[in-house]
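*Asks:* Would you mind keeping the following structure in view while I ask a few things?
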Amino acid sequence: MNITIAVFFGGNSTEHEISVISAVQAMGYLDHQKYNILPVYMTKDGLFYTHPDMERIESFRDIPALTSRSRRVFFVKEPDRVVMASWPFKRFGKNEVTPVDLAFPIVHGTNVEDGTLQGYLATLGLPIVGPGVLPSAIGMDKVMMKSVLKDAGIPVLDCLEATWKDWEDPEGLLARIAERFGYPVIVKPVNLGSSIGITKAGDERELREALELAFTFSGRVLVEHAIEKLKEINCAVLGDYEDAQPSECEEPLPSDDAAILSFEDKYMSGGSKGGAKGGTKSGWSGSKGGAGGSKGMASLQRKIPADITPEMRDRIRETAVKAFHALAGFGVARIDFMIDEEDGSLYFNEINTIPGSLSFYLWEPLGIPYPELLDRLVDLARKHALEMQKTTTAFDTNILATAKIGGTKTR
Ligand SMILES: Nc1ncnc2c1ncn2[C@@H]1O[C@H](COP(=O)(O)OP(=O)(O)O)[C@@H](O)[C@H]1O
Ligand SMILES: [Mg+2]
3 MNITIAVFFG GNSTEHEISV ISAVQAMGYL DHQKYNILPV YMTKDGLFYT
53 HPDMERIESF RDIPALTSRS RRVFFVKEPD RVVMASWPFK RFGKNEVTPV
103 DLAFPIVHGT NVEDGTLQGY LATLGLPIVG PGVLPSAIGM DKVMMKSVLK
153 DAGIPVLDCL EATWKDWEDP EGLLARIAER FGYPVIVKPV NLGSSIGITK
203 AGDERELREA LELAFTFSGR VLVEHAIEKL KEINCAVLGD YEDAQPSECE
253 EPLPSDDAAI LSFEDKYMSG GSKGGAKGGT KSGWSGSKGG AGGSKGMASL
303 QRKIPADITP EMRDRIRETA VKAFHALAGF GVARIDFMID EEDGSLYFNE
353 INTIPGSLSF YLWEPLGIPY PELLDRLVDL ARKHALEMQK TTTAFDTNIL
403 ATAKIGGTKT R
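Offset between the sequence shown (1-based) and the working numbering: plus 2.
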């Protein structure tokens with residue numbers, strides 16, 4: 003019997019559109035002989051819709067038209083299964099109800115990739131592809147992930163965390179940062195992705211502007227030393243606590259002199275400049291096109307394999323697996339490193355627990371085509387669901403039925 007997979011994407015995130023690109027791409031490669039695919043598009047307002055047209059990227063050119071012809075849905079736990087039902091639920095007449103076996107969240111960014119969606123799906127009792135709440139939450143928090151990794155002996159850049167409260171005294175904060183790191187520094191919202199709100203600051207005026215911007219995206223901001231002779235290397239890891247394997251390494255290349263790979267570099271390269279709204283041309287085309295033709299994250303200028311020594315490649319792949327385990331990684335994650343070419347130091351930069359394009363292009367060079375990567379992810383999720391069934395999650399007896407509860411203060 004076919005497995006019914008609900009692919010969740012979109013959501014109230016600054017990386018909404020990137021999620022649409024990643025999810026449509028993945029749905030194109032999921033084996034439709036083995037799986038029934040239910041696209042579940044979450045609007046920026048958090049409404050859930052489904053329609054077979056959601057497997058084609060062109061449908062998202064006009065989202066209001068797409069949602070108006072789609073079925074609005076919600077999910078319900080029944081005693082023996084989880085179903086997707088149409089909303090509003092009819093009191094009379096037949097309701098359309100679709101059983102779901104597995105959820106595949108292909109989401110990026112805060113409110114979705116950070117454990118929020120994973121928690122919702124776990125509460126429903128739906129097995130999910132990719133990590134659960136804890137790794138997702140830690141992976142979205144640049145400060146938390148650094149402390150976990152530091153504890154595991156993985157090199158990370160030292161950082162300062164500032165909150166809105168600290169920003170009430172800008173002069174004090176500016177002075178503290180300058181004293182601790184000097185310049186240049188990098189300022190990042192703690193819990194975003196896709197370089198949104200990230201700026202390099204070379205002096206006090208730039209730092210003030212960088213903090214101003216970062217604080218519009220998050221109440222917590224991270225500041226760290228900016229590596230000037232930077233080489234970035236990414237390596238994905240696939241597996242779980244028992245067995246995890248590293249992918250090929252890539253070197254993402256910025257397309258202009260900007261030190262930071264911008265949102266446009268990552269997702270819109272080839273298109274016009276102008277942030278999320280501009281340059282959508284390249285993002286929309288060729289959602290199923292293999293490593294060369296596919297867009298979104300995969301269209302970024304990159305070197306695969308990365309131009310590094312075999313020793314550095316081994317070190318990165320080994321550290322990537324170690325970091326994956328330290329963060330309780332599950333499914334496929336991409337671990338991003340920074341090399342300071344001044345002295346050859348290697349630093350873990352971040353983990354992406356649901357990487358753009360699921361980093362399929364890093365597995366193809368190792369002989370794992372995209373459909374196989376997806377099959378492995380589904381198998382891992384099913385294995386995990388079986389393992390979870392073996393753990394005790396609740397007791398059958400109702401202790402309250404026999405306990406002496408007289409006199410207990412309940413309010
Ligand atoms: N300490 C640093 N020094 C120099 N460049 C950095 C540093 N930290 C980040 N960057 C640049 O900023 C980009 C985005 O930062 P990153 O921490 O990866 O955030 P995001 O989650 O938005 O991808 C990196 O890919 C890199 O180009
Ligand atoms: Mg990054």
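Glycine included, C-beta positions come from ideal geometry on N, C-alpha and C.
Specify the secondary structure class of Gly291 as computed by DSSP and reduced to three states.
*Replies:* At Gly291, the pLDDT of 34 sits below 50, so the modelled position is not reliable and the matter cannot be decided from this model.
*Asks:* Among residues of its own chain, excluding the 5 on either side of Ala261, which ones have a beta-carbon nearer than 6 Å to its beta-carbon?
*Replies:* Annotation note: pLDDT 44 at Ala261 (below 50); position unreliable, no value reported.
*Asks:* Measure the C-alpha to C-alpha separation of Asn193 and Val135 and round it to an integer number of angstroms.
*Replies:* 15 Å
*Asks:* What residue range is occupied by the uninterrupted beta strand (DSSP E) comprising Phe62?
*Replies:* Run containing Phe62: none; DSSP gives neither H nor E here.
*Asks:* What separation, rounded to the nearest whole angstrom, lies between the Cα atoms of Ser284 and Gly117?
*Replies:* Since pLDDT at Ser284 reaches only 30, below the 50 mark, its modelled position is unreliable, and the value read off the structure follows with that caveat. C-alpha separation (whole angstroms): 30 Å.
*Asks:* Near Gly121, what residues of its chain come up, given a Cβ to Cβ distance below 6 Å and the 5 sequence neighbours on each side ignored?
*Replies:* Val135
*Asks:* Rank Ala87, Leu376, Val150 and Arg83 by C-alpha distance to the C-alpha of Ser361 and give the top, closest one.
*Replies:* Leu376
*Asks:* Excluding sequence positions up to five away, which residues of its chain have a Cβ less than 8 Å from the Cβ of Asp33?
*Replies:* Pro373, Leu376 and Asp377
*Asks:* Classify Asp338 as helix, strand or coil using the three-state DSSP reduction.
*Replies:* strand
*Asks:* Comparing alpha-carbon positions, which option in Lys148, Leu240 and Ala308 lies nearest Asp381?
*Replies:* Leu240
*Asks:* Is Arg74 helix, strand or coil when you go by DSSP?
*Replies:* strand
*Asks:* Is Pro248 helix, strand or coil when you go by DSSP?
*Replies:* strand
*Asks:* Please list, in chain order, all residues with a C-beta atom less than 6 Å from at least one heavy atom of ligand 2.
*Replies:* Asp338 and Glu352
*Asks:* Between the Cα of Gly141 and the Cα atoms of Leu128, Thr69, Ile310 and Ala335, which residue gives the shortest distance?
*Replies:* Comparing Cα positions, the closest option is Ala335.
*Asks:* Taking only the alpha-carbon atoms, compute the straight-line gap between Met147 and Asn351 and give it to the nearest angstrom.
*Replies:* 9 Å
*Asks:* Threshold first: 3 residues or longer. Then list the beta strand (DSSP E) segments lying entirely within the segment 336 to 401, N to C.
*Replies:* 347 to 354
*Asks:* What does the Cβ neighbour count give for Leu391, buried or exposed, with the cut at 16 atoms within 10 Å?
*Replies:* Just to set this straight, residue 391 is Gln in the shown sequence, not Leu. It counts as exposed.
*Asks:* Count the other CB atoms within 10 Å of the CB of Thr395; is the residue buried (16 or more) or exposed (fewer)?
*Replies:* exposed
*Asks:* Please state the DSSP three-state secondary structure of Leu104.
*Replies:* strand
*Asks:* Just grab the DSSP bridge partners of Val85 for me.
*Replies:* Val78 and Pro101
*Asks:* Using the beta-carbon count (16 or more within 10 Å), is Leu402 buried or exposed?
*Replies:* Per the 10 Å Cβ criterion, exposed.
*Asks:* Taking 9 Å as the cut-off, decide whether the C-beta atoms of Gly12 and Tyr43 are in contact.
*Replies:* yes
*Asks:* Label Tyr37 either buried or exposed according to how many other C-beta atoms from any shown protein chain fall within 10 Å of its C-beta, with 16 as the threshold for buried.
*Replies:* Buried.
*Asks:* Tell me whether Phe11 sits in a helix, a strand or coil according to DSSP, three-state version.
*Replies:* Secondary structure of Phe11 (DSSP, three-state): strand.
*Asks:* Tell me whether Leu348, by its Cβ, gets closer than 8 Å to a heavy atom of ligand 1.
*Replies:* Checking the Cβ of Leu348 against ligand 1 gives no.
*Asks:* Consider the C-beta atom of Pro254 and the heavy atoms of ligand 1; say whether any pair is separated by less than 8 Å.
*Replies:* yes
*Asks:* Within the present structure, is the beta-carbon of Leu175 separated from the nearest heavy atom of ligand 1 by less than 8 Å?
*Replies:* no
*Asks:* Classify Tyr243: buried if its beta carbon has 16 or more other beta carbons within 10 angstroms, exposed otherwise.
*Replies:* exposed
*Asks:* Just reading off the beta strand (DSSP E) that Glu226 is part of, what are its end residues?
*Replies:* DSSP places Glu226 inside the beta strand (DSSP E), whose first and last residues are Arg222 to His227.
*Asks:* According to DSSP, simplified to helix, strand and coil, what is Ala123?
*Replies:* In the sequence as presented, Ala is not what sits at residue 123; that position holds Leu. Looking at Leu123 - three-state DSSP - the assignment turns out to be helix.
*Asks:* For Gly2 and Ile310, I'd like the C-alpha separation in whole angstroms.
*Replies:* One cannot answer for residue 2 here, as it falls past the ends of the chain, which runs 3 to 413.
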